[in-house]
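Residue numbers (full-length UniProt numbering), protein chains in the order written: chain A, 1 to 277; chain B, 1 to 277; chain C, 1 to 277; chain D, 1 to 277.
All C-beta atoms, glycine included, are put in the ideal place defined by N, C-alpha and C.
4 protein chains.
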Amino acid sequence: MQTITTNLVQNTIKRRPANSHKGDYGRVMLIGGNDQFGGAIIMAATAAVYSGAGLVTVATAPSNFASLHARLPEAMIVDYRATTTLLALLPKMDVVVIGPGLGTDVVAQGCLTAALSTLQAPQRLVIDGSALTLLAADPQALPDLPIVVTPHQMEWQRLSGIPIAEQTPAANQRAQQKLGVVAVVKAHHTTVYTDQQAWRNPGGTPAMATGGMGDTLAGMVGGFVAQFTDFTNAILSAVYLHSAIADDLARTRYVVLPTQISAALPAYMHRMSVAQD
Amino acid sequence: MQTITTNLVQNTIKRRPANSHKGDYGRVMLIGGNDQFGGAIIMAATAAVYSGAGLVTVATAPSNFASLHARLPEAMIVDYRATTTLLALLPKMDVVVIGPGLGTDVVAQGCLTAALSTLQAPQRLVIDGSALTLLAADPQALPDLPIVVTPHQMEWQRLSGIPIAEQTPAANQRAQQKLGVVAVVKAHHTTVYTDQQAWRNPGGTPAMATGGMGDTLAGMVGGFVAQFTDFTNAILSAVYLHSAIADDLARTRYVVLPTQISAALPAYMHRMSVAQD
Amino acid sequence: MQTITTNLVQNTIKRRPANSHKGDYGRVMLIGGNDQFGGAIIMAATAAVYSGAGLVTVATAPSNFASLHARLPEAMIVDYRATTTLLALLPKMDVVVIGPGLGTDVVAQGCLTAALSTLQAPQRLVIDGSALTLLAADPQALPDLPIVVTPHQMEWQRLSGIPIAEQTPAANQRAQQKLGVVAVVKAHHTTVYTDQQAWRNPGGTPAMATGGMGDTLAGMVGGFVAQFTDFTNAILSAVYLHSAIADDLARTRYVVLPTQISAALPAYMHRMSVAQD
Amino acid sequence: MQTITTNLVQNTIKRRPANSHKGDYGRVMLIGGNDQFGGAIIMAATAAVYSGAGLVTVATAPSNFASLHARLPEAMIVDYRATTTLLALLPKMDVVVIGPGLGTDVVAQGCLTAALSTLQAPQRLVIDGSALTLLAADPQALPDLPIVVTPHQMEWQRLSGIPIAEQTPAANQRAQQKLGVVAVVKAHHTTVYTDQQAWRNPGGTPAMATGGMGDTLAGMVGGFVAQFTDFTNAILSAVYLHSAIADDLARTRYVVLPTQISAALPAYMHRMSVAQD
C-alpha cells in the first residue's frame, strides 16, 4: 500500500490556465438532504463550492432551501422530489454527488435510480452516505462511468459484505475489484482502493470526530473530480487535503468543524498549486 | 465548599486518543425551542457542537428549522411534536438536554414525559429552563440515571421550594440530596451541588448578563457529559469554562454574546487538553 | 446648543456592578418589520442586543422569523399580529422600540395603539420610522412616560409641521416642547432636543448614508435607555457612539454598513466604561 | 481600444461630500431570483449594498425572502410576482438591475416588460443574465434612457447575433451601435463598448471562474451608476474594481468567491477615493 504524498497533491492541483472559465471547472450536482439531515447536503455543497467547482446545483428537500441559500448563495437549488427536473438536469452535469443526508425513503430511492439510470461516461459519480445504504440493501448494476464510493467502515461493511473487523487491505482490495469502483474507506487513516493500487492517507486527527466530516469530504471529492482530469489523483488529493487541513486546524482546536475545513480550502489549494514554482 | 480549579478542568478535558471516532464523543439530543424561544435551542445546540459532541440532533418547532441549519449545519433536526420519532430516537442517545426555549405548553409537556419515561442509565440527562418550570409545577419521579439540573435562582426556588433569599449552600445542599440530581444553581458565582460536595465557580462577569447565557451553558454541559466519563467533573468543567471564556472576552467587551463563547470553545478546550504536556 | 462630549458618554456607560444579572439591563421589545421591511427590525434588534440589553423580544411579521433567528438567536420572537400576546407582553417590558420597518397598514396601526394605550411610567418608549408617520397622520395623546422620537428630517417635518428648510434649532425646540418628548432629529449632524436643552452630535460621516442606519440607531437608543438610568444621557450616548463608531470605521471604508456598527458596539462601550479608571 | 486605468477609477469614486444623505446615493431595485436561482439575486444585491447604494430593494421569489434577509438585512424585499407593487415602485427608483437568476418564465417576462415599459430617463437600467436571454428571444424596443447590458459571450451571441468565435472588437462595436446601449462583454479580459469608444479591462483571474461572479458584477454596476454621475465611467469603474479585487484575493486563494469580492468593496473603494489626496 502506498501513502498519498504532498507531491501527488501538488501535481494534481495545478495553476489554472489564465484564459479559462467556469465551464472548465465543472458542473456539479449534489443530491441529498431530507427534512432531518439537511445540514449534510449544505456542508457537502459548501465543500464543492469552496474547492472551486465551476457551477454547483443542489437537489434537496424544500425545507432546506432557505438555510442553504443563507449560507451558500453560490449554489443553485432544485427540489429533489421533482423527478422531471432532475432527469432534465442530470445529463448536463459533469459530476454528480449523491448521498449526504439523503435518507432512505422512496424519494431517496427515486433520486438514486434517476442518477444511476441517466448518467453516462464521461460523467463522474460520487456515492456517499445513505445512497450507499440504499445500494447495499438493493444491489443494482452500476453504470459504466468513473464512480467513487466514500463509505465509513459500517457503510463499507454493508456494501462489501466484509465485517469491520475483517476489513483488511487485501479484503478491501478484492471487494473493490468486484464492485469496479474507486473505494474510499474512511477511518482514522483512510484507505483508498483503485483497480491499480491501494493508498493510505497519512493524515487524520481525532478533532475530526464530529458529524459532517464525511459530507464535507464527499463535496470535496465532487469538486476535485470536476476540476482535475485524473480521476484517481483528484480523489486522492481531496482525501489528503481534507485531513491535512484538519490536522493544521487541530493544532489550536479541540474539535474542528467541517465548515472550517471548507473555509480554509481556497488558501490550501492555492499553496499546493504554487508549491512547485 | 470547594472552588472549581483550572487543574480539575485540565484533568477532565483530556487529549483525544488518536484512533477514535464520532461515536466516542456521544450522541446528544437537545429538545427545546418553541415558536417564541427558538433562539434558545439554537444557542444550546451551537454550544454542544462547538464543545465537541460527536453527533447532535435537535428536536424543535418547525419554525426553527431554517434558522438552525443556517447557523449550524452540523446539527440534525426533528420536529419536537413528532412523538413517535422522538420515542424512536431517544433510546439511541447518550445524552439528552431538555428545556432551552421549550416553553410550557402541551407539546413541551409531551417532550418532557417522553424523555423522563424513556431514558435509562447509562444515558445522561440535562434539565434546563422551561423543563424545570414544568417539573416544579408537576413534580414527578425522575428516572434513575445521571441527571443534572441547571436552574437560575428563580427556577431553583420553584424546583427546590427555597426562596431566593434563603438559598444558602446548606439549604441548597439539602434540596440537592432530596432531589438526587446534580444541581447547578446559576448566579454571579454559580454553585454546583452533588451528593458528595458543593462547588463554587470562581469566574463570572456582569458582561454575561444577557439572554442566552444559560442556554449556552446547558448545551456545553450536554456536550461535556457526552465526552468526559466522570459526570461531576464534566459538569464542573463546563461551568468553569463557560465563565472563564466570558471573563476573558469581557476584557475588551462591555457585553459578551453567548454565541461568542461557543465560537471560542474549541480553542479554550484545546489549551486545557495540552496544559499538562 | 451644547455639543455631546466623550466625557458625557464615559460618565453614562459605567462599569457594570459585579453582582448584576440580565434583569438589571432591561427587557426590551422591538416592534416592526412587515413583509417588505423586515431587515429594518433585524438591524434594530441587533443593535439592541449588541448594546447590552438584558432580554430582547421582537414583534414582527412571521416572514421575518427565520432570518431574524439566523442572524440573532439572542432575540425572542412574537408575531406582531397576535394582539393578545402583545398586550400580555407589553406590561412586562422596561423599554419598547416601535417603528423600524413597521409600515403603516392596519397591523402597524394596531401595534402602535397597543403600545400607546398599554405602556405606563416608568416604562420607556422609542418611536421611530413608520410609527412616526402613523403618529403624524393621526395625532393622538401620548402616554405620560419617558418617550424619545428619532425622526429623520422628513419624518420630523411630518411630525412637527416644520418644513425641512425651516428646521432651525429654535423651531425644533419649540416643537419639542409642544410634543413633550425627547426629539432626536437625524441629519448630517444630528441634534437632540430635550425639555432642558438642545444638543448637537459632533460626529457623522457620509459613509453612513445607507439604508438601515436609522434602524440601528433606534435599536441602540432602546438598548441604552434600558441600561442607563438617566434617560437623556442614555439617548445622547447612543447618538454619539453610533456616529463615533461609524467615523472610525469610515477611515478605511467607503460605506459603513449598519450591522458593522452593531458588531463594534461591545468593544467601544467597553472602552468608554473604563476610560476614567 | 483603450485600457481602463486606475486613474479613471480614482477620478470616478470621489470622496463623498460631508453633508450628503442616502437619497444622494441612489434608490436601486434589483429584479431576479426565481426558486432555482435565488442565490444570484442575493449576490447581486449584496454587491449593490456593499458598493454603497443608498437604498436597495430586491424583487424576487418569496422562497428567497428568508435567505436574503438572513444575509443582507440592509435590503428591502418585494414579491416579483406582485405586478401592481412593482409598477408602483419602479418610478421611484434611480436604477434598476434586472436579470440575475430571473429565469425565463412568464413571471420573468412580466418583470422585464414592467421595467421596459415604465422606466424613463434619467432612470438607469442594467440588464443581465436571463433578462438578456429573454430580450434576445423576443427583441423589443428599449426605452430611451441610459442602459447597460452585461452579457457573457454566449449571451452576447444571442443578443448581438455574433457567434462567439467572431466577437471581434470591430464586430462588437457595430453591434453596440445598433443596440444603442453600453455593452459589457464578459470574458477573461472583459471589453466594454460605448457609443464613443471600446475599453479593455486589464484585470481578471481564473480564480474568478465560479458561479455568481457575473451576478456580483451586475450588482456592482447597479450600485456604481446609482452613485457616480458619469454613466460610462461608473460602469468602467465597476468592471475594473470587480476584477482588481479578485486579482488581489487570488494571490492567496485558488478560487475567489463572489461574496468575498463584495465584502472587500468598501475598503477598495475607500482607497480609490483617497488615492489622489
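Spatial neighbours of residue i in its chain, beta-carbon cut-off 8 Å, leaving aside the 5 residues before and after
{"i": "B/Gln173", "result": "Tyr193, Ala198"}
{"i": "residue 290 of chain B", "result": "Lying outside 1 to 277, the shown extent of chain B, residue 290 of chain B is not represented and no answer is given."}
{"i": "D/Ala207", "result": "Ala246, Leu249, Ala250, Arg253, Tyr254, Val255, Val256"}
9 Å Cβ cutoff, residue i in contact with chain A
{"i": "C/Ser160", "result": "no"}
{"i": "D/Gln36", "result": "yes"}
{"i": "D/Thr6", "result": "no"}
{"i": "D/Pro202", "result": "no"}
{"i": "B/Gly270", "result": "Note that residue 270 of chain B is His in the sequence shown here, rather than Gly. Yes, because at least one Cβ of chain A sits closer than 9 Å to the Cβ of B/His270."}
{"i": "D/Met213", "result": "yes"}
Interface flag, residue i vs chain D, CB-CB below 9 Å
{"i": "B/Ala75", "result": "no"}
{"i": "C/Val221", "result": "no"}
{"i": "C/Val256", "result": "yes"}
{"i": "A/Ala244", "result": "no"}
{"i": "A/Val181", "result": "no"}
{"i": "A/Ser273", "result": "yes"}
{"i": "C/Ala187", "result": "yes"}
{"i": "A/Arg251", "result": "no"}
{"i": "A/Val96", "result": "no"}
Supposed close pair residue i, residue j - CB separation, criterion 8 Å
{"i": "D/Thr216", "j": "D/Asp247", "result": "The pair is not a contact, with the Cβ atoms about 15 Å apart (cut-off 8 Å)."}
{"i": "C/Ile41", "j": "C/Thr60", "result": "5 Å"}
{"i": "A/Thr259", "j": "B/Ala267", "result": "At roughly 16 Å, the Cβ-Cβ gap does not stay under 8 Å, so A/Thr259 and B/Ala267 are not in contact."}
{"i": "A/Gly95", "j": "A/Gly222", "result": "Just to set this straight, residue 95 of chain A is Val in the shown sequence, not Gly. Right, their Cβ atoms sit about 5 Å apart."}
{"i": "A/Thr150", "j": "A/Gly214", "result": "7 Å"}
{"i": "A/Ala263", "j": "A/Val256", "result": "Incorrect: roughly 11 Å between the Cβ atoms, too far for contact."}
Residues near residue i in its chain [Cβ-Cβ closer than 6 Å; skip 5 each side]
{"i": "B/Gln123", "result": "Leu145"}
{"i": "C/Met269", "result": "Ile13"}
{"i": "D/Thr85", "result": "Val78"}
{"i": "A/Leu265", "result": "Tyr50, Ser51"}
Cβ pair residue i, residue j closer than 9 Å
{"i": "D/Val97", "j": "D/Gly219", "result": "yes"}
{"i": "D/Asn34", "j": "D/Gly101", "result": "yes"}
{"i": "B/Phe228", "j": "B/Val182", "result": "no"}
{"i": "A/Thr113", "j": "B/Gly52", "result": "no"}
{"i": "C/Ile13", "j": "C/Arg200", "result": "no"}
{"i": "D/Thr104", "j": "D/Ala137", "result": "yes"}
{"i": "D/Ala226", "j": "C/Ala66", "result": "no"}
{"i": "B/Leu125", "j": "B/Leu159", "result": "no"}
{"i": "C/Met29", "j": "C/Leu116", "result": "no"}
{"i": "C/Ala121", "j": "C/Pro139", "result": "no"}
{"i": "B/His69", "j": "A/Asn64", "result": "yes"}
{"i": "A/Gln167", "j": "A/Gln153", "result": "yes"}
{"i": "A/Ala131", "j": "A/Ile31", "result": "yes"}
7 Å Cβ shell around residue i - same chain, five flanking residues per side excluded
{"i": "B/Pro169", "result": "Met1, Thr191, Ala198"}
{"i": "A/Tyr240", "result": "Ile4, Val9, Asn201, Gly203"}
{"i": "D/Val49", "result": "Val56, Leu72, Glu74, Ala75"}
{"i": "B/Leu236", "result": "Ile4, Leu8, Val192, Trp199"}
{"i": "A/Gly26", "result": "Ala53, Gly54, Asp94, Val95, Ala226, Gln227"}
{"i": "B/Asp24", "result": "Gly54"}
{"i": "D/Ala275", "result": "Gln10"}
CB contact below 9 Å: residue i versus chain B
{"i": "C/Ile13", "result": "yes"}
{"i": "D/Ala70", "result": "yes"}
Residue-level contact to chain C via CB, residue i, 9 Å cutoff
{"i": "D/Val107", "result": "no"}
{"i": "D/Pro266", "result": "yes"}
{"i": "B/Ala263", "result": "no"}
Interfacial residues, the region 18 to 33 of chain C to chain B, with Cβ spacing under 9 Å:
Of all residues in the region 18 to 33 of chain C, Ala18, Asn19, Ser20, His21, Lys22, Gly23, Asp24, Tyr25 have a Cβ within less than 9 Å of some Cβ in chain B.
Which residues of the region 39 to 67 of chain B have a Cβ closer than 8 Å to any Cβ of chain D? Give them in chain order.
For the region 39 to 67 of chain B, the beta-carbon criterion of a distance under 8 Å to any beta-carbon of chain D is satisfied by Ala66, Ser67.
Beta carbons nearer than 8 Å to chain A: which residues of the region 111 to 132 of chain B have them?
So the list is empty, because no residue satisfies the distance condition.
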